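Structure record follows, encoded as structure tokens.
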Amino acid sequence: MWRNTDESYGWVTILFHWAIAILFLCQIPLGYLTQATENRPALQFELYQWHKSIGFLVLALAVPRLIWVLLTVKPRPLPKTTRLEAIAARTAHLVLLLLTVLVPLAGWAVASASPLRIPSYVFNLVVIPPLPFTPSERQEIFWSNVHAVLAYGGGMIALVHILAALRHHILLRDATLIRMLRPHRD
Ligand code: HEM
Ligand code: HEM
1 MWRNTDESYG WVTILFHWAI AILFLCQIPL GYLTQATENR PALQFELYQW
51 HKSIGFLVLA LAVPRLIWVL LTVKPRPLPK TTRLEAIAAR TAHLVLLLLT
101 VLVPLAGWAV ASASPLRIPS YVFNLVVIPP LPFTPSERQE IFWSNVHAVL
151 AYGGGMIALV HILAALRHHI LLRDATLIRM LRPHRD
């Protein structure tokens with residue numbers, strides 16, 4: 001039930017998947033809004049704090065998830081999956097897994113390189129210290145571009161991934177989506 005088997009995803013994989021997927025997808029419009037509210041500084045500050053808090057939560061979930069994925073078995077592709085489809089799915093999953101770690105790390109780098117040195121309060125509970133960077137505008141712009149490219153790139157890969165899952169469910173009518181929603185009962 002909790003662990004994956006050759007046939008089925010277990011609850012640990014399923015809960016990690018949906019928690020991180022939902023938070024990651026919310027972070028993209030939220031990150032965009034932090035940029036679109038420059039003329040409303042109080043609102044922009046609030047949005048930044050939420051964006052940073054949720055981003056650190058993604059990082060805190062994505063690191064143990066990555067370790068979990070490395071330690072656990074992956075269910076076999078369903079029958080009728082072509083070799084090319086299996087390779088494409090595996091590659092997309094690997095890239096998405098890495099981006100759920102790298103995007104928040106790049107965001108942390110933006111906040112750490114910023115000469116404004118605004119502290120990162122996570123849900124008003126803890127302060128996360130900056131990474132050991134010398135703050136400068138050049139560094140901030142560099143990391144801001146890395147963060148934006150990785151985040152929007154990840155969003156686009158996630159969109160293809162979601163469309164592929166829906167294609168399996170609606171057109172091919174197989175168990176791809178269902179087995180990411182609940183473990184198979186033996
Ligand atoms: C799942 C994690 C995250 C996602 C998907 C994400 C996504 C985004 C996106 C789409 C933008 C707008 C970029 C633009 O239009 O220029 C943005 C901006 C920003 N994010 Fe994140 N972010 C994440 C985590 C974080 C974290 C953990 C931090 C900081 C601790 C952070 C700090 C920032 C900052 C400072 C900006 C505005 C600066 C800029 O990029 O120009 N982000 N984020
Ligand atoms: C509504 C949104 C989503 C749906 C319907 C969905 C659906 C699925 C399904 C059905 C699988 C199993 C595929 C298989 O067995 O071959 C899967 C796996 C996976 N998905 Fe998603 N997904 C969504 C969003 C996301 C997002 C936003 C991310 C990452 C940012 C993501 C990352 C992954 C990863 C890494 C796997 C591999 C399984 C694992 O190791 O956890 N998914 N997804």
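In the UniProt record's numbering, the protein residues as written are 1 to 186. Glycine included, every Cβ here is placed at the ideal spot set by N, Cα and C. Everything numeric in this text was worked out from a predicted model, so none of it was measured.
Point to revise | Start and end residues, beta strand (DSSP E) containing Tyr-121 | key: Against the sequence shown, residue 121 aligns to sequence position 121. Per DSSP, Tyr-121 belongs to the beta strand (DSSP E) from 120-122.
Review point. Which residues in the same chain as His-169 place their Cβ atom closer than 6 Å to its Cβ, once the five residues preceding and following it in sequence are excluded?
Key: Sequence index remark: in the sequence shown, residue 169 carries index 169 (1-based). Closer than 6 Å at the Cβ level, and outside the excluded window around His-169, lie Leu-177.
Exercise for review: Return the first residue and the last residue of the alpha helix (DSSP H) that Val-127 is part of.
Suggested key: Counted from its first residue, the sequence shown places residue 127 at position 127. Not the alpha helix (DSSP H): Val-127 falls in the beta strand (DSSP E), residues 126-128.
**Study point:** Any beta strand (DSSP E) of 3 or more consecutive residues that is wholly inside the region 92-172
**Key:** Runs found: 120-122, 126-128.
Point to revise | Rounded separation between Gln-120 and Ser-114 - CA only | key: The residue you call residue 120 lines up with position 120 of the sequence shown. The residue you call residue 114 lines up with position 114 of the sequence shown. First, the residue type needs correcting, since residue 120 is Ser and not Gln in the sequence shown. Their backbone Cα atoms lie some 12 Å apart in a straight line.
Check your understanding: What is the DSSP secondary structure of Val-58, reduced to helix, strand or coil?
Key -> Taking the sequence shown and counting its residues from 1, the one referred to as residue 58 is at position 58. The three-state secondary structure of Val-58, taken from DSSP, is helix.
Practice item. Inspect the beta-carbon positions of Leu-150 and Leu-94 and report whether they are closer than 8 Å. Key: Here residue 150 refers to the residue found at position 150 when the sequence shown is read from its first residue. Here residue 94 refers to the residue found at position 94 when the sequence shown is read from its first residue. Contact: no.
Review point. Is the region 55-73 close to the region 101-117, with three or more CB pairs under 8 Å?
Key: Contact between the region 55-73 and the region 101-117 is present, because at least three Cβ pairs lie under 8 Å.
Exercise for review: Check whether the Cβ atoms of Val-12 and Trp-50 sit closer than 8 Å, and answer yes or no.
Suggested key: Taking the sequence shown and counting its residues from 1, one reaches residue 12 at position 12. Taking the sequence shown and counting its residues from 1, one reaches residue 50 at position 50. The Cβ atoms of Val-12 and Trp-50 do not sit closer than 8 Å to each other.
Review point. So, Val-122 versus Leu-66, is the Cβ gap smaller than 8 Å?
Key: Residue numbering aside, residue 122 sits at position 122 when the sequence shown is read from its first letter. Residue numbering aside, residue 66 sits at position 66 when the sequence shown is read from its first letter. Not closer than 8 Å, so no.
Exercise for review: Determine the closest residue to Ala-92 out of Val-73, Leu-166, Ala-158, with distance taken between C-alpha atoms.
Suggested key: Within the sequence shown, the letter at position 92 stands for residue 92. Nearest of Val-73, Leu-166, Ala-158 to Ala-92, Cα basis: Ala-158.
Review point. Looking at Ser-120 and ligand 1, is the gap between the Cβ and the nearest heavy atom below 7 Å?
Key: Within the sequence shown, numbered from 1, the residue matching residue 120 stands at position 120. Under cutoff, so the answer is yes.
Point to revise | C-alpha distance - Glu-140 paired with Ala-111, whole-angstrom precision | key: Within the sequence shown, the letter at position 140 stands for residue 140. Within the sequence shown, the letter at position 111 stands for residue 111. So the alpha carbons of these two residues sit roughly 8 Å apart.
Review point. How would you call Arg-154, buried or exposed, if buried means at least 16 neighbouring beta carbons within 10 angstroms?
Key: For the purposes of this step, residue 154 is taken as the residue at position 154 of the sequence shown. One detail in the question is off: residue 154 reads as Gly in this sequence, not Arg. That one is buried.
**Study point:** When Pro-79, Val-127, Leu-97, Phe-45 are compared against Ala-21, the one with the closest alpha-carbon
**Key:** Taking the first residue of the sequence shown as position 1, residue 21 is located at position 21. Here the closest residue by C-alpha is Leu-97.
Point to revise | For Pro-130 and Val-103, the rounded distance between their alpha carbons | key: Sequence index remark: in the sequence shown, residue 103 carries index 103 (1-based). Sequence index remark: in the sequence shown, residue 130 carries index 130 (1-based). The straight-line gap from Cα to Cα measures roughly 16 Å.
Point to revise | Nearest-angstrom Cα separation, counted from Arg-83 out to Trp-143 | key: As a working mapping, residue 143 is identified with position 143 in the sequence shown. As a working mapping, residue 83 is identified with position 83 in the sequence shown. Pairing Trp-143 with Arg-83, the inter-Cα distance amounts to about 37 Å.
Point to revise | Cβ-Cβ separation, Arg-179 to Pro-75 (assumed contact under 8 Å), whole Å | key: Position 75 of the sequence shown holds residue 75. Position 179 of the sequence shown holds residue 179. Contact check for Pro-75 and Arg-179: beta-carbon distance about 7 Å, within the 8 Å limit, so the pair qualifies.
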